Every structure is written in C-alpha cells, then in structure tokens.
Amino acid sequence: MPLRPWEAHAPAGQSYSSPSQSQKPPERVAFDRKELQTILGFYGTKVAEGEWRDYAMDFGKDKATFSVFRRASEVPLYRIVKDPALARKQGIYSVVAQTGLILKRGHDLSTVLRVLAKTPKLSTI
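UniProt numbering puts the sequence shown at residues 1 to 125.
Here it is in structure tokens:
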C-alpha cells in the first residue's frame, strides 16, 4: 500500500493523521466573562489606589491563573487561581500570596477576593 504524502516522513509504526481527521486541541481551563468582569473590576480599583500596576493571565489544561504585579519586572504579589478539580472539595477559586501561602479558598469568586480588599488597621500607641 503506497504512503500518502502526509505519511511519507512518519517514523516507523506511526502515521500522521490526515488534515481532515485532525484531532481537536486539548481543552483549557479559562475564566468566563462574568469571572473576568469581577476580577478586572477589582483589579481596576487596586490600580486606581496605586497598589497594583500590571497583570498576567495563564490558561493551562488543569487550572487558570490571574497574576497581579506591583511592577512588571517583579514576581506576582498575588495569584487568583481557578482549579476545577477542587470544585467539590475546598472550592474552585483560591488566592495565593507571593510566598505560596493560600490566603483564601471558596466557591464564590467575590467572597474569595474580599481577602485582598482588606486594608491593615493602624492604631496609635
């Protein structure tokens, strides 16, 4: 049986699939529109206060991450993580500090983000 043009350079015992039989790419975990609206609204408030300046988003096959930076050249101050594997356990959302400490976990994004809204209370001595 002659080889098809797209199988001509395939390693022994392995064939490339034809263009019409291509497999769809693996699914990625991402924030939906409502989640992004909540996160970016909170992010905008912190930018207006001068605390945060930059962000990055990473969508992997098992989790999605929204990282917040004080400066673009630094490591992230906080990471807001969506991990569907934890949906039935501790909650799909978590806020992770720069040190890797998980500050808050939960099923509701707005509730989880409240941990970042708290400002330290100063008292005079």
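Ideal placement from N, C-alpha and C gives every residue a C-beta, glycine not left out.
Quantities reported herein were computed from a predicted structural model and do not represent experimental measurements.
Residue i and residue j closer than 9 Å at C-beta
i	j	result
R28	F59	yes
Residue i classed as buried or exposed, judged by whether at least 16 other C-beta atoms fall within 10 angstroms
i	result
R71	exposed
A64	buried
K82	buried
I102	exposed
L116	buried
L109	buried
Straight-line gap, residue i to residue j (C-alpha atoms, nearest Å)
i	j	result
F31	A87	14 Å
G106	V112	6 Å
A85	K61	11 Å
Q98	M57	16 Å
R53	I80	16 Å
K104	I125	31 Å
F42	Q90	23 Å
Y55	S123	32 Å
T38	R114	11 Å
Of the listed residues the options, nearest to residue i (C-alpha basis)
i	options	result
K46	A85, Y78 and D108	Y78
L36	L122, V115, G50 and Y93	Y93
G100	V75, K34, R53 and Y55	V75
V68	K89, V95, R33 and K34	V95
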